[in-house]
Every structure is written in structure tokens, then in C-alpha cells.
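Take the sequence shown: its letters are residues 796 to 1198, numbered as in our numbering.
Some notes on the structure that comes next.
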Amino acid sequence: MGVVRPEHIILALRSTGRSGTLVFGDASAPLAHFVFEGGCVRKARSSLSAYLGGVLYELGYVDPPTLNASLSEVAARGVPHGALLREHGDVAPEMVQLGLREQMERRLADVIGLPPDTIWRFHDAVDLLPSFGGSDWPLVDPAPGIWRGLRESAQTDIVRKALAACAATSFVLGPRVDLRVLHLRPDEVAVAELFRNPRSLLAPESTLSPEATAALLYFLLLANVLVPGPTRSEAPRALSSPPPISGRPSLPPADPLETPTRAVERTRVFLMAGNYLKARALAVAALERFAGSLPVAVEYAWVLANNPEERSAADLDRHIRNLDELIRTGAESAQSLYYRFQLRRRAGRGALAIRDLRQAVVLDPHHVDAVRELRLFNARLGKDGSVDVALGIAPQAQDHSSS
796 MGVVRPEHII LALRSTGRSG TLVFGDASAP LAHFVFEGGC VRKARSSLSA YLGGVLYELG
856 YVDPPTLNAS LSEVAARGVP HGALLREHGD VAPEMVQLGL REQMERRLAD VIGLPPDTIW
916 RFHDAVDLLP SFGGSDWPLV DPAPGIWRGL RESAQTDIVR KALAACAATS FVLGPRVDLR
976 VLHLRPDEVA VAELFRNPRS LLAPESTLSP EATAALLYFL LLANVLVPGP TRSEAPRALS
1036 SPPPISGRPS LPPADPLETP TRAVERTRVF LMAGNYLKAR ALAVAALERF AGSLPVAVEY
1096 AWVLANNPEE RSAADLDRHI RNLDELIRTG AESAQSLYYR FQLRRRAGRG ALAIRDLRQA
1156 VVLDPHHVDA VRELRLFNAR LGKDGSVDVA LGIAPQAQDH SSS
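Structure below.
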């Protein structure tokens, strides 16, 4: 029993690979249960939000009539919602799995906003939800859900105090760290990549706001992604001192063209910062170095589509065709479909755009931008079912061509 920040205890259970049930709230009225298995979450029950039917609807996997009918049957029969939808063939089994993952991540994110005096209890090696839900719960890494909650919360005082306590220490990415499992955005990955070389937590180069950068560093510390670097006495002695560097570098010390993944991430950072020329230069260099990489080719096509001097309908149509060709030749991914969704929406092709967006979420339910756009679309979809209106497409921009 104790009073502690939810992110501390959940990420500690993850790091130590514990199994058991974590309960938030008073025993007479618990707010949330999380069943851990080897540091990952196997089951989650919460009174805070995120019911499976609503999640599947927001992801675009069920329509309102199907959802309402299934909820009535769940109430009458007392069967798990996901199992019922599979039984009727309303939702494919893999979509139910994706919905359960999304539901658990949302429930993990929700506990970040609990009051600071919320009581928690961890029941070691005990499953307090043995008969809850079905038998097909996926095993979910809790870190992405915790970061989602921290990203959306405003724990500024806690974050500031934690970073201040580490101000005198240099940090580095831990050994065998795989940033992909955290589902970070490209600009967040770029901040983490800075720590491939030991450095202070103070003012790293970042396109994020100072508050977002601080929250990210706080999360990376708790998740043991960043670990203390070598002390001055442990560091190898240099044969000669390098000349001082004037000013701050425009890129981190790591080579942005070291791997295709890093090249794509750095290109996105420049583009999101509004620096088209640097993004294009890096995309061209990456295309030359990694000629066979489809993700690099997709990123290059996306950069060209954001040329501020190419805004005509003919230019837009050409850029859509470029992505069409890449996707047809094997580059179909959540990212390529999300890029084409944006271009098709820009061109006023609502039906084709939303098809791309839904498929992007199916391919990668953790694609933050695609999931957010689909939630917004579903929230805006009125009773008239107008796709174009829900996508924010002006009537004069509508284009019903097949591309």
C-alpha cells in the first residue's frame, strides 16, 4: 500500500518483470485493476473510461447500428463484447486484438491523471481478474500507454523536480534499448537519439516545446531508457583535445544517414519544423545512400509533396500518383497510407482518403497521428454520414476522381 505517482509504480513493475495485480483506489471502490505478467499488462479493468465497444467504433471497426445491437445482446447474455462481435462475424479476430490493445493503452494513460493521494496496492503473483473478459487478451507493454498519459497531462512540478535532481548527471541511451517499442513520434525519437552520446538533461536540441521535452526526458528516465553515463574519471582520456565548437550544431552528433530509419526520422523532424530545404536535402541524400529502401522512397515522395512552391491541383495530383506507384510496388504501410490520406483529403477526395486512413490504423494501431485523425473523423461524422464534412473538406474542394 502507498501513495505514489502511477507512472513510477507501473514502470517499476515493467522494469523488474513482475507478475500480479495492481489496484488503484480504495478496496471498496477500486478505480482500476491491471494484471501484470512478466512486466507486461495481460488484463485491464477500469471505471475511468475506454470501453471496448467505444474503442472499436472510434477505430472505425464497427458502425453505430452494429455497436448498439451488440451492446444490447451483451447486456442480455453477459458475454464479453469482443467474443460476441467475433461470434457474429461483425469484427475480425485481429481487429478485436487491436481494439483490446488500444483499450489497455488508454486505460494505462487514464491513471496518470489520478489525484496524487490515490491509494494503490500490488498483489504479487495473484490474478484478481481470473474470469474477467475473454481468454484472448493480448500481452501489452505498459510503456506506450504511460507515455501517452504523460504527454497529455500537465505534471509540470513533478517533472521539473525530477529533472532538477538529475541536473548534475550526464545520461546516455541504455544498452540494447529499442526505441520502437515505445511508439514515440519522430520528433520525440530525435530527442532520444541525442543521448547516444552522454549529455546533460538540460536544454537538449529539440523541436518540441520545453514542456514536452521535459516530460519526454522524465518518461525516458522512469522507463530506464536513459541511464547515467560514464563519470569523468571513467571516461577514456583523449590523445588530444578537439578544437572548441562555436554555436550549437544543427544536427545531433549521430550521423543522420547512419541507417534508413534514422534518415527518415531526421527528415521528418526538419519537415515538421518547417525547414523544407533541409528536409529535401536530407531526403535526397538518403535516397542516394539507401536506394532500395521503400520507407526512404516514401519519405522522399512526402517531402516533395510539401514543396511550398508546388500547390496547384496538377502538382497535388502528381504527388498522389507518386505515392500510388510506391504503394502498388510494395511500399504499403501505415505511414505511406497516412501520407496519401493527407494528400487525398487536400485534393477533396474524401471517400478515398478515409479508406486510406482506416487501413493505416489496421496496419498499425499505434500510429499516433492516424489514430488521432480517425478519432476526430468519427467524432465529427454526423447523422447525415457526410465523409467530406467530417474530414473538413470544403464543398468547392471536393473531387470524386478515382486516384
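For every residue, glycine included, the Cβ atom is placed at its ideal position computed from N, Cα and C.
Please indicate yes or no: does the CB of residue i lie closer than 7 angstroms to some heavy atom of the ligand FAD?
{"i": "residue 1023", "result": "You won't find the ligand FAD in this model; it holds no ligand whatsoever."}
For residue i versus residue j, is the C-beta spacing smaller than 8 angstroms?
{"i": "residue 1000", "j": "residue 989", "result": "yes"}
{"i": "residue 1135", "j": "residue 1149", "result": "no"}
{"i": "residue 985", "j": "residue 946", "result": "no"}
{"i": "residue 914", "j": "residue 812", "result": "no"}
{"i": "residue 1145", "j": "residue 1183", "result": "yes"}
{"i": "residue 919", "j": "residue 815", "result": "yes"}
{"i": "residue 1176", "j": "residue 1156", "result": "no"}
{"i": "residue 962", "j": "residue 997", "result": "yes"}
{"i": "residue 1165", "j": "residue 1126", "result": "no"}
{"i": "residue 884", "j": "residue 847", "result": "no"}
{"i": "residue 886", "j": "residue 880", "result": "yes"}
{"i": "residue 924", "j": "residue 835", "result": "no"}
{"i": "residue 1091", "j": "residue 1075", "result": "no"}
{"i": "residue 1065", "j": "residue 1073", "result": "yes"}
{"i": "residue 993", "j": "residue 1024", "result": "yes"}
I'd like to confirm the pairing. Which residues does DSSP put opposite residue i in its beta bridges?
{"i": "residue 818", "result": "828 and 916"}
{"i": "residue 995", "result": "965"}
{"i": "residue 1091", "result": "In DSSP, residue 1091 forms no bridge with anything."}
Could you tell me how far apart the beta carbons of residue i and residue j are, in whole angstroms, since I believe they sit closer than 8 angstroms?
{"i": "residue 817", "j": "residue 808", "result": "7 angstroms"}
{"i": "residue 974", "j": "residue 940", "result": "At roughly 16 angstroms, the Cβ-Cβ gap does not stay under 8 angstroms, so residue 974 and residue 940 are not in contact."}
{"i": "residue 827", "j": "residue 843", "result": "6 angstroms"}
{"i": "residue 927", "j": "residue 840", "result": "6 angstroms"}
{"i": "residue 1077", "j": "residue 1096", "result": "With a Cβ gap of about 14 angstroms, residue 1077 and residue 1096 do not count as contacting."}
{"i": "residue 830", "j": "residue 922", "result": "5 angstroms"}
{"i": "residue 978", "j": "residue 1161", "result": "4 angstroms"}
{"i": "residue 1094", "j": "residue 1059", "result": "5 angstroms"}
{"i": "residue 1068", "j": "residue 1002", "result": "5 angstroms"}
{"i": "residue 1103", "j": "residue 1071", "result": "6 angstroms"}
{"i": "residue 907", "j": "residue 944", "result": "3 angstroms"}
{"i": "residue 938", "j": "residue 1018", "result": "5 angstroms"}
{"i": "residue 856", "j": "residue 899", "result": "No, residue 856 and residue 899 are not in contact; Cβ-Cβ is about 16 angstroms, not under 8 angstroms."}
{"i": "residue 1142", "j": "residue 1119", "result": "Actually they do not touch by this definition, with Cβ atoms about 12 angstroms apart."}
For residue i, count the other beta carbons within 10 Å of its own beta carbon; 16 or more makes it buried, fewer makes it exposed. Which is it?
{"i": "residue 1036", "result": "Its pLDDT being 43, under 50, residue 1036 is placed unreliably by the model, and nothing is read from it."}
{"i": "residue 1088", "result": "buried"}
{"i": "residue 951", "result": "exposed"}
{"i": "residue 882", "result": "exposed"}
{"i": "residue 1004", "result": "exposed"}
{"i": "residue 1187", "result": "exposed"}
{"i": "residue 1106", "result": "exposed"}
{"i": "residue 1032", "result": "Unreliable positioning characterises residue 1032 in this predicted model, as indicated by a pLDDT of 45, which lies under 50. A coordinate reading is not provided."}
{"i": "residue 911", "result": "exposed"}
Tell me the DSSP secondary structure of residue i in three-state form.
{"i": "residue 888", "result": "helix"}
{"i": "residue 1182", "result": "helix"}
{"i": "residue 1021", "result": "strand"}
{"i": "residue 1131", "result": "helix"}
{"i": "residue 837", "result": "strand"}
{"i": "residue 1059", "result": "helix"}
{"i": "residue 874", "result": "coil"}
{"i": "residue 850", "result": "helix"}
{"i": "residue 799", "result": "coil"}
{"i": "residue 935", "result": "strand"}
{"i": "residue 1013", "result": "helix"}
{"i": "residue 1114", "result": "helix"}
{"i": "residue 856", "result": "coil"}
{"i": "residue 1086", "result": "coil"}
{"i": "residue 1120", "result": "helix"}
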